[in-house]
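Novice:
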Amino acid sequence: MSRSLKVSPQYIAQVKQAVKRNGFPSQTAFAKSFGSPSESTVKKFLRRGNVDFSYFEEIADKLGLDWQEISQINETNQQTTIPDNFFAYDSSWVGRERLITQLSQNLRNSCRLLLILGLTGIGKTALAERLAVKLTDLIQSDWDNKLLRANFDYEEKSTDFASIAAGWLESLGENIPPTEKKPELLLNQLVRRLQEDRLLVLIDSMERLLTENEDGGSWGDFSNRYWEEFFLRLLSAESCQSRLILTSQDLPVNFHSKASRYSNFYQRHILYGLDESEQEALFEIEGLDISQKSEDKPILLRLGKAYQGHPLVLRVIIGEINGDPFNGNVQAYWNDVNKKIEEVEKDLAEAEAGKTEGYDEWELHKLTRKVRNEVNRKRLKATYKRLETQVPDAYILICAASVYRIPVQEEGWLMQLAELVRRVEKQVCSQERQKQALEELLNRFLAEESVNHNNKRVLGQHNLVRSVALESYRNLVQKFQGGGEEA
Numbered sequence: 001m002s003r004s005l006k007v008s009p010q011y012i013a014q015v016k017q018a019v020k021r022n023g024f025p026s027q028t029a030f031a032k033s034f035g036s037p038s039e040s041t042v043k044k045f046l047r048r049g050n051v052d053f054s055y056f057e058e059i060a061d062k063l064g065l066d067w068q069e070i071s072q073i074n075e076t077n078q079q080t081t082i083p084d085n086f087f088a089y090d091s092s093w094v095g096r097e098r099l100i101t102q103l104s105q106n107l108r109n110s111c112r113l114l115l116i117l118g119l120t121g122i123g124k125t126a127l128a129e130r131l132a133v134k135l136t137d138l139i140q141s142d143w144d145n146k147l148l149r150a151n152f153d154y155e156e157k158s159t160d161f162a163s164i165a166a167g168w169l170e171s172l173g174e175n176i177p178p179t180e181k182k183p184e185l186l187l188n189q190l191v192r193r194l195q196e197d198r199l200l201v202l203i204d205s206m207e208r209l210l211t212e213n214e215d216g217g218s219w220g221d222f223s224n225r226y227w228e229e230f231f232l233r234l235l236s237a238e239s240c241q242s243r244l245i246l247t248s249q250d251l252p253v254n255f256h257s258k259a260s261r262y263s264n265f266y267q268r269h270i271l272y273g274l275d276e277s278e279q280e281a282l283f284e285i286e287g288l289d290i291s292q293k294s295e296d297k298p299i300l301l302r303l304g305k306a307y308q309g310h311p312l313v314l315r316v317i318i319g320e321i322n323g324d325p326f327n328g329n330v331q332a333y334w335n336d337v338n339k340k341i342e343e344v345e346k347d348l349a350e351a352e353a354g355k356t357e358g359y360d361e362w363e364l365h366k367l368t369r370k371v372r373n374e375v376n377r378k379r380l381k382a383t384y385k386r387l388e389t390q391v392p393d394a395y396i397l398i399c400a401a402s403v404y405r406i407p408v409q410e411e412g413w414l415m416q417l418a419e420l421v422r423r424v425e426k427q428v429c430s431q432e433r434q435k436q437a438l439e440e441l442l443n444r445f446l447a448e449e450s451v452n453h454n455n456k457r458v459l460g461q462h463n464l465v466r467s468v469a470l471e472s473y474r475n476l477v478q479k480f481q482g483g484g485e486e487a
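Here you go:
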């Protein structure tokens, strides 16, 4: 057993004060003052990450603090190492403990394939990696030989089943002659290995494997049929030693329908944002003062509420607060962004008072330059572009429905689409067309279902999704007007 330490939550404020007391203008400046340990290790210490015992003692000593007093011991088994390609796994993970326990237990029992679904940046890959680490004993911590992974988050990554299957089999020690690299043969060989050997398979961004259905009416079939056959063969087999964890922004509709027949072996889980207690834990573990008497706490919770606990955005915001030029000064950060947050709060308050519609000019997706780059440009724009290209009617619907500040019944959404089509295309939008567009948004988790106080099913948009949709609607109107159509 090896011992690592991290700062106990109650000593975070004391550590921050010690940095300033020792003459460092910021945490970054303090971290850079070391030759060894590295800057990243010192930053991990400051953000309550696990740090090797000897480094922890050295950093605490430089701050003039008693390492024994401020430390929280974390005993870890040396064999439980984290694979190098676990890019979403970090020490700042918070919450969802009950979910991880439940899902990992299901995978230990009969579940063979877990499909994790949700909005971009909501934490699907991080959850998948956490589950893999939780299940490390199933593969005897042999990550090199018993973990198979494919990440389709990058467009240049081949989505061809035969290429991926051949690579996996070769990594398992199989010698595959060129004459045997036919999809059918590779499929049989890979299914056999997964049935007989206890392996763990992680597949990220499965939405990139999907294409339009054969009837042309919707999106959600596998572009390469061998992927669906591969998954279904494992679900329908009499036995299967391996476990598969998949993440996707989109629901593979036809596959889900077929896989649901094997309810003991197949499970899907839709992931949402962090709740308030989990948001507090995230702020705390990153070194921000979330204590009851803290003046920063209400501000941090307002930020968390505005973004409905979206983990990626909150991590970006925390990084900005802890970095230059704010260096942990939450009040200064708030002074820089408060107008955009207060605009959202004002509109939502008006909605609660009865003004449920408004062509607002939200900028949650453009709160700061870093949020624009890390969240909007790299994530959300890609999601919206994919929607606009693949299912134009669904794109028009999400733009048109952005007028609603709060969830409303389905009829309201469909009415907005029908009205926009009538004005732009000068024709009636059929009910079938309306329903299909809505179905696509639901399958991509860009529309959220809930039940209101009158026990009616209603549809809404995540605040971040609506912020982008409002801007997209304005661009759509300009496009139509530029083409001479009335909008």
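First residue of the sequence shown? That's 1 in full-length UniProt numbering, and the numbers climb one at a time after it. C-beta atoms are modelled at their ideal positions from N, C-alpha and C, and glycine is treated no differently.
1. DSSP three-state call for R302: helix, strand or coil?
2. Per DSSP, which one or two residues make a beta bridge with W219?
3. CB L210 to CB P183, shorter than 7 Å?
4. With a 10 Å radius around its C-beta and 16 neighbouring C-beta atoms as the bar for buried, classify A166 as buried or exposed.
5. Consult DSSP for N327 and reduce its assignment to one of helix, strand or coil.
6. Cα separation between L417 and T368?
7. Within 10 angstroms of its Cβ, does A60 collect 16 or more other Cβ (buried), or is it exposed?
8. By Cβ distance below 7 Å, which residues in the same chain neighbour K258 in space, the five residues on each side in sequence not counted?
9. Where A353 and V94 are concerned, what is the direct C-alpha to C-alpha distance, given to the nearest angstrom?
10. Hey, how far is the Cα of N322 from the Cα of L282?
11. Taking DSSP as the reference, what is the three-state secondary structure of G121?
12. Is the Cβ of E388 closer than 7 Å to any Cβ of chain B?
13. Per DSSP, what are the beta-bridge partners of S141 in this structure?
14. If you drop the 5 nearest sequence neighbours on each side, which residues of the same chain put their C-beta closer than 7 Å to that of A469?
15. Three or more C-beta pairs closer than 8 Å, one from the segment 174 to 194 and one from the segment 221 to 235: is that the case here?
16. Would you say the segment 447 to 456 touches the segment 336 to 344, given that touching needs at least three Cβ pairs under 8 Å?
17. Relative to the alpha-carbon of D66, which residue among Q409, L148, L387, K6 has its alpha-carbon at the smallest distance?
18. Might you give, ordered along the chain, the residues of its own chain that have their beta carbon closer than 8 Å to the beta carbon of N22, omitting 5 neighbours on each side?
19. Nearest-angstrom Cα distance between D197 and N85?
20. The beta strand (DSSP E) spanning G460 covers which residue range?
21. Could you name the residues of the same chain whose beta carbon sits closer than 8 Å to that of E97, not counting the 5 residues immediately before and after it, in chain order?
22. Nearest by alpha-carbon distance to S239: which of C111, Y272, R386, Q195 is it?
23. Give me whichever residues DSSP pairs with D197 in a beta bridge.
24. Rounded to the nearest angstrom, how far is the Cβ of Q267 from that of N106, given a contact under 8 Å?
25. On the CB-based measure, 16 or more other CB atoms within 10 Å of its CB, does Y154 come out buried or exposed?
26. Tell me the rounded alpha-carbon separation between R48 and R130.
27. If I'm right that I176 touches Y272 with Cβ under 8 Å, what's the distance once you round it to whole angstroms?
28. Report back the beta-carbon spacing between L300 and L288 to the nearest angstrom; my notes put them in contact at under 8 Å.
29. Which residues in the same chain as Q241 place their Cβ atom closer than 8 Å to its Cβ, once the five residues preceding and following it in sequence are excluded?
30. Using the C-alpha atoms, what's the distance from Y89 back to A437?
31. Return the bridge partner residues of N151 from the DSSP annotation.
32. Roughly how many angstroms lie between the CA atoms of D221 and L246, to the nearest whole one?
33. Going by C-alpha distance, which of A132, V421, G328 is nearest K20?
34. Determine the burial state of D324: buried for a count of at least 16 other Cβ atoms within 10 Å of its Cβ, exposed for fewer.
35. Output yes or no for whether 7 Å exceeds the beta carbon distance between E280 and I290.
36. Measure the alpha-carbon distance for I341 versus L364 and round it to whole angstroms.
Specialist: Put simply:
1. helix
2. E212
3. no
4. buried
5. coil
6. 32 Å
7. buried
8. L232
9. 34 Å
10. 13 Å
11. coil
12. No chain B appears in this structure, which consists of one protein chain only.
13. Answer by DSSP bridge pairing: none, since S141 is not bridged.
14. I398, C399, S402, Q461
15. yes
16. no
17. K6
18. F30, K62, L63, G64
19. 22 Å
20. 457 to 460
21. none
22. Q195
23. Note: D197 sits in no beta bridge, so no partner.
24. 6 Å
25. exposed
26. 18 Å
27. Their Cβ separation, rounded to whole angstroms, is 42 Å, which puts I176 and Y272 out of contact at 8 Å.
28. 6 Å
29. L194, Q195, E196, D197, R198, L199
30. 35 Å
31. D204
32. 16 Å
33. G328
34. exposed
35. yes
36. 7 Å
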